[in-house]
Amino acid sequence: MIEILKPTELPLARETGALVAGILQTLKARSVVGTNLLDIDRQAQAMIAEAGALSCYVDYAPSFGRGPFGHYICTSVNDAVLHGLPFDYELADGDLLSLDLAVSLGGIVADSAISFVVGDSPQPESVALIDATERALRAAIAAAGPGVHIGDLSHAIGKVLNAAGYEVNTEFGGHGVGSTMHQDPHVSNIGRPGRGYRLRPGLLLALEPWVMADTAKLVTDADGWTLRSATGCRTSHSEHTIAITDDGAEIMTLPKG
1 MIEILKPTEL PLARETGALV AGILQTLKAR SVVGTNLLDI DRQAQAMIAE AGALSCYVDY
61 APSFGRGPFG HYICTSVNDA VLHGLPFDYE LADGDLLSLD LAVSLGGIVA DSAISFVVGD
121 SPQPESVALI DATERALRAA IAAAGPGVHI GDLSHAIGKV LNAAGYEVNT EFGGHGVGST
181 MHQDPHVSNI GRPGRGYRLR PGLLLALEPW VMADTAKLVT DADGWTLRSA TGCRTSHSEH
241 TIAITDDGAE IMTLPKG
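For the sequence shown, the UniProt record's numbering begins at 1 and goes up steadily by one.
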């Protein structure tokens, strides 16, 4: 299903996006050396409830996971890149942490992810990974607009990631959002320009470049959810929800201020 929002629904999408962005920035500030991943999950739960919003994850049970997910945020550390199931782990100096959050407010979903280094000892590899996914995300957003093909966004992402020296996995990528978290169209993180669905004003897309330092192969943890690099290398994941507008694209999940 491809869902197109009415102009009257865009303010609500902005509100949901601001909520997601605010929660992620608050959790980033609280993610210091010694912070437990389960505490991050509990804090996410509390902030979602306080806002009168609903988690898109806690009851999420797709075919590829061992559902339901049962938690409120994805916490992926170091070699974990997607769907990181929170567990009893205290963050260490230099850990690369990705937080991925999707919530529904007033019936509209926003989805975003950030990656950052905990503490004061960032590895150059971690900094390069985060920089590449953030630049790829910016490139895709800059390419988005009415009449543009999905393949144009995929090409913009893949060009940046390949130029940075990373292979691109095509098993998971971006997607449409709206009244539900995962909708068509799928947005691969590599592709050919001029191909695929033409974007229309009112379409919400969650764009999410992610990479692994030296492989494109994933392995799944025994928890049935957490996806890691097959080689144990570090990873990064950046994501924004955008709305296609009459003259381009608007980022829904930017932090206020």
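We put the beta carbon where it would ideally sit given N, CA and C, even for glycine.
Straight-line CA distance for Ser63 to Thr26? 31 Å
Residue from Leu203, Ser121 and Ala18 with nearest C-alpha to Pro146: Leu203
Under a Cβ-count criterion, where at least 16 other Cβ atoms within 10 Å of its own Cβ denotes burial, should Pro209 be classed as buried or exposed? buried
Report yes or no: do three or more beta-carbon pairs, one from the segment 172–185 and one from the segment 204–224, lie closer than 8 Å? yes
For Val127, the three-state DSSP class (helix, strand or coil): helix
Let me make sure I understand the geometry here. Which of Leu199, Trp225, Glu239 and Ala216 has the alpha-carbon closest to that of Leu5? Leu199
When we look at the beta-carbon of Pro86 and count the other beta-carbons within 10 Å, is it buried (16 or more) or exposed? buried
DSSP-derived helix/strand/coil call for Ala113: strand
State the CB to CB distance for the pair Gly196 and Gly151, rounded to an integer number of angstroms; the pair is presumed to be in contact (CB under 8 Å). 4 Å
Can you pull the DSSP bridge partners for Ala249? Ile244
Is the beta carbon of Thr241 less than 7 Å from the beta carbon of Gly84? no
Check for me: the alpha helix (DSSP H) holding Thr16 runs from which residue to which? Leu10 to Arg30
Express the C-alpha separation of Thr253 and Met47 in angstroms, rounding to a whole number. 16 Å
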